[in-house]
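**Student:**
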Ligand SMILES: [Zn+2]
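Residue numbers (the numbering used here): 541 to 892.
1. With a cut-off of 8 Å on the beta carbons, I'd call residue 605 and residue 845 a contact; round off their distance for me.
2. In three-state terms, what does DSSP make of residue 674?
3. By Cβ distance, which residues of its chain are closer than 7 Å to residue 545, with the 5 residues on each side in sequence left out?
4. So which residues touch the region around ligand 1, with touch meaning a C-beta under 6 Å from any heavy atom?
5. Under the three-state reduction of DSSP, which class applies to residue 860: helix, strand or coil?
6. Is residue 680 a contact residue of ligand 3, with contact defined as CB to any heavy atom under 7 Å?
7. When the Cα atoms are used, what is the spatial distance from residue 776 to residue 870?
8. Would DSSP call residue 643 helix, strand or coil?
9. For residue 697, does the count of other Cβ atoms within 10 angstroms reach 16, so buried, or fall short, so exposed?
10. The alpha helix (DSSP H) with residue 728 in it runs from where to where?
11. Under 8 Å: do the stretch 822-836 and the stretch 844-864 share three or more Cβ pairs, one atom per stretch?
12. What first and last residue would you give for the alpha helix (DSSP H) that runs through residue 871?
13. Could you tell me the boundaries of the alpha helix (DSSP H) in which residue 784 lies?
14. Evaluate contact between the stretch 576-585 and the stretch 751-769, counting only Cβ atoms and requiring at least three cross-stretch pairs below 8 Å.
15. Rank 739, 725, 836 by C-alpha distance to the C-alpha of residue 676 and give the top, closest one.
16. How would you call residue 551, buried or exposed, if buried means at least 16 neighbouring beta carbons within 10 angstroms?
17. Return the residue from the list 810, 786, 832 that minimises the CA-CA distance to residue 589.
18. Rounded to the nearest angstrom, what separates residue 651 and residue 628 at their Cα positions?
19. Where does residue 885 sit, in a helix, a strand or coil, going by DSSP?
20. Can you list, in chain order, the residues of its chain whose CB lies under 6 Å from that of residue 701, leaving out five sequence neighbours each side?
21. Would you call the CB atoms of residue 638 and residue 803 closer than 8 Å?
22. To the nearest angstrom, report how far apart residue 736 and residue 692 are at their CA atoms.
Following this line, the structure appears as structure tokens:
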């Protein structure tokens, strides 16, 4: 028994050593002032749901260390965690993970907007829209990619891009921003422009990494809020830091930290906006953890992170949930990913 344990340990440490990275972040960004939870209104007129794709607690703390011990995300007053297992697998993919968050049902890996029995399930975005609220999606991958698509499409294969693109055109959301312009026909792009108040499709597929796209995500979030806040019935906005997952799949620690910090700056934009809009619920979470990242050291003063990836795929560990504003207290403790949407509806007093 001891020998087996030893050899397993050696095998694991060899695997981990192969993926070891040390990263020093050049410049710290200043977090916005945290939302004062005592100002939270009883009902959330507005909801902002922010999903860091693949962003486990380890990614958040790697970014925290890289940013010399300061983040917007970690200033949110309520914390919990979300169990990410799918209907078919211990380790979910983004389609089943997105569907669980968007549609409140465990789904089969690869499938969007439907439960394990094949029933189409309505998403939170659609329900909020029916309640009279404006709806927006802001992402850094293609807008037809699995996470955003879980909010408007129903298909047995997440890679049915034509079907997914057509579903977005039909959805009629007020704000759309992300990559994936090439997933739509010319006619569909015109329809999206006509039907939405703001449609910003930038790249053929996913947006470039943050080192090239700069402050694009925080700027798009600010622009989305400016459009959506004009609806007196309130709004639902989903923001995805999509490329955290891609960086972690590559086991690129520096890019993982940069993408997580970019997502954190977008959280800062929302927190600052919420200071004037206390009738808002902000929930920040992830669909799953990517890369099996662990932290083995670093230096907070220098912004140095010593991280190790154990896989090029997703891992099965539960992910963090952070919340602030109206109804935020519901999100503390351990919860299934399928519990998030019903809690958001309750906070917003929206009946499905
Ligand atoms: Zn992934």
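Backbone N, C-alpha and C fix where the C-beta goes; we use that ideal spot for every residue, glycine too.
**Tutor:** Let's see:
1. For this step, residue 605 is matched to residue 65 along the chain shown. For this step, residue 845 is matched to residue 305 along the chain shown. That pair is a contact at about 5 Å.
2. On the chain shown, residue 674 is found 134 positions in, with the first residue counted as 1. Strand.
3. Position 5 of the chain shown holds residue 545. Confidence at residue 545 is low in this model, with a pLDDT of 30, below 50, so its placement is unreliable and the value that follows should be read with caution. Closer than 7 Å at the Cβ level, and outside the excluded window around residue 545, lies no residue.
4. Those residues having their beta-carbon less than 6 Å away from any non-hydrogen atom of ligand 1 are, in chain order, 594, 634, 785, 789, 830, 854.
5. In the chain shown, the residue the question calls residue 860 occupies position 320. Secondary structure of residue 860 (DSSP, three-state): strand.
6. You won't find ligand 3 in this model; what it holds is ligand 1.
7. As a first step, residue 776 is located in the chain shown; it is residue number 236 there, counting from the start. As a first step, residue 870 is located in the chain shown; it is residue number 330 there, counting from the start. Roughly 18 Å separates the two Cα atoms.
8. Residue 643 sits at position 103 when you count from the first residue of the chain shown. Residue 643: helix per DSSP, three-state reduction.
9. One-based indexing of the chain shown puts residue 697 at position 157. Residue environment analysis places residue 697 among the exposed positions, since fewer than 16 neighbouring C-beta atoms fall within 10 angstroms of its C-beta.
10. On the chain shown, residue 728 is found 188 positions in, with the first residue counted as 1. Residues 726-735.
11. Flag = yes, the stretch 822-836 and the stretch 844-864 touch.
12. Position 331 of the chain shown holds residue 871. For residue 871, there is no enclosing alpha helix (DSSP H), as DSSP marks it with neither H nor E.
13. On the chain shown, residue 784 is found 244 positions in, with the first residue counted as 1. Its alpha helix (DSSP H) spans residues 783-789.
14. Fewer than three Cβ pairs drawn from the stretch 576-585 and the stretch 751-769 lie within less than 8 Å of each other, which leaves the two stretches out of contact.
15. In the chain shown, the residue the question calls residue 676 occupies position 136. Of the candidates 739, 725, 836, 739 places its Cα closest to the Cα of residue 676.
16. As a working note, residue 551 is residue 11 in the chain shown. Its pLDDT being 32, under 50, residue 551 is placed unreliably in this model, and the coordinates cannot settle the point.
17. Within the chain shown, residue 589 is the residue found at index 49, counting from 1. When only C-alpha atoms are compared, the closest one is 810.
18. As a first step, residue 651 is located in the chain shown; it is residue number 111 there, counting from the start. As a first step, residue 628 is located in the chain shown; it is residue number 88 there, counting from the start. Approximately 10 Å, taken between the alpha carbons.
19. Indexing the chain shown from 1 puts residue 885 at position 345. In the structure shown, residue 885 falls within a helical segment according to DSSP collapsed to helix, strand and coil.
20. Your numbering for residue 701 matches position 161 in the chain shown. For residue 701, same chain residues with a beta-carbon under 6 Å away, outside a window of 5 residues either side, are 684, 723 in chain order.
21. On the chain shown, position 98 is the one that residue 638 refers to. On the chain shown, position 263 is the one that residue 803 refers to. A distance of 8 Å or more separates the beta carbons of residue 638 and residue 803.
22. Position 196 of the chain shown, counted from the first residue, corresponds to residue 736. Position 152 of the chain shown, counted from the first residue, corresponds to residue 692. Residue 692 has its alpha-carbon roughly 15 Å from the corresponding atom of residue 736.
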